[in-house]
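Residue numbers (UniProt numbering): 1 to 475.
The beta carbon of each residue, even a glycine, is placed where N, CA and C say it ideally should be.
Computed from a predicted structure; not experimentally measured.
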Amino acid sequence: MALWGGRFSDAPTDSVFALSRSIHFDWRLAPYDLRSSLAHLRVLQSSGLLKADVASKIEAALRELISEVASGKFEPAAGDEDVHSALERGLTEKLGEVGGSLRAGRSRNDQVATDLKLFAIDHMLDIAQQIVNLQEALISKAQEYSDAPAPGFTHMQHAQPILFGHEIAKHVHAFARDIDRISDWLNRTSVSPLGSGALAGSGLGLMPEVTAQDLGFARASANSIDGVSDRDFVAEALFIISMIGVHLSRIGEEWCIWATTEFGWAKVADAYSTGSSIMPQKKNPDMAELARGKAGRLIGNLTGVLAMLKGLPFAYNRDLQEDKEPLFDSIDTLRLVLPAVTGMIATTNFDREKMLAAAPQGFSLATEVADFLVRSGVPFATAHDAAGKCVAICEAKGVQLHELSDADFSGVHTLLTPEIRSSLTVAGAIASRTTIGATGGSALSKQLTDAAAETKALKVKISTQITAFSEMMGQ
Ligand code: ARG
């Protein structure tokens with residue numbers, strides 16, 4: 001059903017209709033459109049624009065549509081341009097002419113911005129909840145390996161020994177920042193566009209602050225032109241999703257490396273691996289690869305929307321219809337990736353012996369030589385140089401640092417006494433690093449306890465927000 005046409009003598013051509021249509025992707029906004037229609041109906045009634053008996057008929061029809069949309073009984077028809085036209089058709093089919101009453105004081109411009117905001121809030125809360133699940137999986141995997149030494153890398157080269165739980169736990173903090181970004185975004189997004197009308201506000205004495213409250217927003221748009229033009233919330237949500245995607249892709253890359261035959265650290269569970277159609281022996285970490293690959297598409301959606309918004313005059317322009325598919329796609333993509341990565345992490349086992357054996361390789365204890373000299377009062381630059389010389393002797397002799405002779409050590413620096421060997425152990429190197437956030441002593445277990453407590457608090461906060469949103473939707 002068309003929502004316009006009074007001043008036109010010709011109907012749109014097929015190509016015009018085909019290009020204009022958005023119903024095939026915006027239909028998923030229907031529950032939010034119906035809910036904001038209920039809020040709009042209430043202000044139309046309280047402003048005296050709709051009599052109580054008419055308002056209650058419309059309310060009953062809207063509630064019927066809510067359940068018919070949910071059950072699939074009411075569906076978009078071939079001639080419906082978008083979700084708003086389809087639902088107005090539904091109301092008119094039930095109520096006749098009265099079904100058109102809700103359009104008073106409202107435009108698709110403020111309507112679509114409101115619907116999309118409600119959709120985005122609903123789904124970003126769900127994403128936050130899924131991230132907490134992922135954090136829980138990371139924390140328990142980190143706890144499981146909180147006593148397992150492994151080499152730590154910089155430049156993909158052995159750097160210093162660490163505990164493998166420390167390696168896993170780092171991801172919890174990246175995702176904590178993502179949840180923080182979502183909560184920050186929620187505060188900024190909590191502004192209702194409904195009541196902005198086409199762009200200039202409503203002349204019918206409606207109360208945007210009342211509909212805002214009804215829909216759970218903190219306030220109404222302070223400028224109606226901005227109200228219908230603002231898609232910052234879409235771009236920001238796409239950035240947050242891209243950042244999450246980038247974090248997931250870095251996990252994916254690590255898992256791919258750790259699962260190689262050369263590393264042989266990660267044993268990815270069969271249920272989270274896939275095989276090859278030709279090579280019977282293959283067990284591929286496809287979930288990790290897809291986590292890495294999907295990030296590209298998430299970034300693409302973000303840049304697509306930013307490019308669409310760039311230079312766009314304020315107030316509604318049809319270009320804005322291009323905001324939806326990228327947002328839907330990014331949300332859908334992330335909701336596919338998150339549970340798969342969470343399951344993959346929870347079910348991967350790591351080879352403690354291999355990691356332990358690799359920990360001192362590549363002269364990863366060289367910093368201990370330098371630190372030993374520093375503790376005896378040698379300036380670090382001199383100590384660094386001496387430790388480097390020890391490594392050079394090791395390379396020439398084909399031995400590890402602890403295998404150097406007393407003469408080798410004292411030849412490099414007189415203060416390199418035989419006691420140095422007690423520092424040249426993986427356990428000693430790990431135990432000596434006890435500062436906040438470090439790998440040794442009680443630092444890692446404190447980090448994990450704190451992270452578990454924070455995650456638990458976030459879980460409660462997010463589920464309270466989810467309950468409040470679904471209660472609002474049910475009113
Ligand atoms: N389908 C449109 C969109 O998604 C709805 C708003 C149309 N408004 C208009 N003035 N043509 O943006």
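If you reduce the DSSP assignment to three classes, tell me which class residue i lands in.
| i | result |
| --- | --- |
| His413 | coil |
| Asn317 | coil |
| Phe8 | coil |
| Gln129 | helix |
| Thr154 | strand |
| Ile251 | helix |
| Asn349 | strand |
| Thr189 | helix |
| residue 499 | No answer is possible for residue 499: it lies beyond the span of the chain, which begins at 1 and ends at 475. |
| Gln361 | helix |
| Ala159 | strand |
| Ala266 | strand |
| Thr425 | coil |
| Ile168 | helix |
| Asp82 | coil |
| Phe74 | coil |
| Leu95 | helix |
| Thr260 | coil |
| Gln135 | helix |
| Leu206 | coil |
| Ile436 | coil |
| Ala198 | coil |
| Asp232 | helix |
| Pro379 | coil |
| Ile455 | Rather than Ile, the amino acid found at residue 455 in this sequence is Thr. Three-state DSSP puts Thr455 in a helix. |
Could you give the C-beta distance for residue i and residue j, rounded to a whole number, given that I count them as a contact under 8 Å?
| i | j | result |
| --- | --- | --- |
| residue 479 | Val246 | Residue 479 lies beyond the stretch modelled for the chain, which goes from 1 to 475, so this question has no answer here. |
| Ser192 | Phe217 | 4 Å |
| Leu302 | Ser242 | 5 Å |
| Ile430 | Pro161 | 6 Å |
| Lys117 | Phe233 | 6 Å |
| Glu389 | Val412 | It is worth fixing the name first, because residue 389 is Lys in this sequence and not Glu. The Cβ separation is near 5 Å, so the contact holds. |
| Ile240 | Arg181 | 5 Å |
| Ala104 | Leu49 | 6 Å |
| Val43 | Thr211 | 6 Å |
| Ala366 | Ala387 | 5 Å |
| Ser221 | Ser202 | Actually they do not touch by this definition, with Cβ atoms about 12 Å apart. |
| Pro12 | Met473 | In fact, because the Cβ distance is near 34 Å, the residues do not count as touching under 8 Å. |
For residue i versus residue j, is the C-beta spacing smaller than 8 Å?
| i | j | result |
| --- | --- | --- |
| Leu204 | Ile225 | no |
| Leu41 | Glu59 | yes |
| Phe25 | Lys310 | no |
| Leu3 | Glu88 | yes |
| Met344 | Trp255 | yes |
| Gly441 | Thr449 | no |
| Val173 | Ser364 | The sequence as given places His at residue 173; Val does not occur at that position. The answer is no: Cβ separation not under 8 Å. |
| Ala137 | Gly165 | no |
| Leu401 | Val378 | no |
| Leu194 | Asp110 | yes |
| Leu238 | Asp115 | no |
| Ala288 | Val337 | no |
| Ile331 | His123 | yes |
| Trp27 | Val83 | yes |
| Ser276 | Lys267 | no |
| Thr342 | Leu134 | yes |
| Leu163 | Leu444 | yes |
| Pro76 | Ala86 | yes |
| Leu415 | Ser376 | yes |
| Ile244 | Leu334 | yes |
| Leu206 | Ser47 | yes |
| Trp265 | Met355 | yes |
| Asp408 | Pro418 | no |
| Glu454 | Ala142 | no |
| Thr189 | Ala269 | no |
| Phe74 | Glu81 | no |
| Ala340 | Ile139 | no |
| Leu373 | Arg231 | no |
| Val132 | Ser101 | no |
What does residue i pair with, by DSSP beta-bridge criteria?
| i | result |
| --- | --- |
| Pro418 | Answer is none; Pro418 lacks a bridge partner. |
| Arg219 | Val191 |
| Asn284 | Thr274 |
Is there at least one non-hydrogen atom of the ligand NAD closer than 7 Å to the beta-carbon of residue i?
| i | result |
| --- | --- |
| Lys389 | Looking for the ligand NAD in the displayed structure turns up nothing; the ligands present are the ligand ARG. |
>> Below 8 Å, how does it come out for the segment 351-362 and the segment 375-395: are there three or more Cβ pairs, yes or no?
In response: Verdict: no, contact absent.
>> Using a Cβ distance threshold of 8 Å, determine whether the segment 128-146 contacts the segment 458-470, with at least three qualifying pairs required.
In response: Output reads yes: the segment 458-470 touches the segment 128-146.
> Would you call the segment 81-95 and the segment 165-185 touching, i.e. three or more CB-CB distances under 8 Å?
Replying inline: Result no; under three Cβ-Cβ pairs closer than 8 Å.
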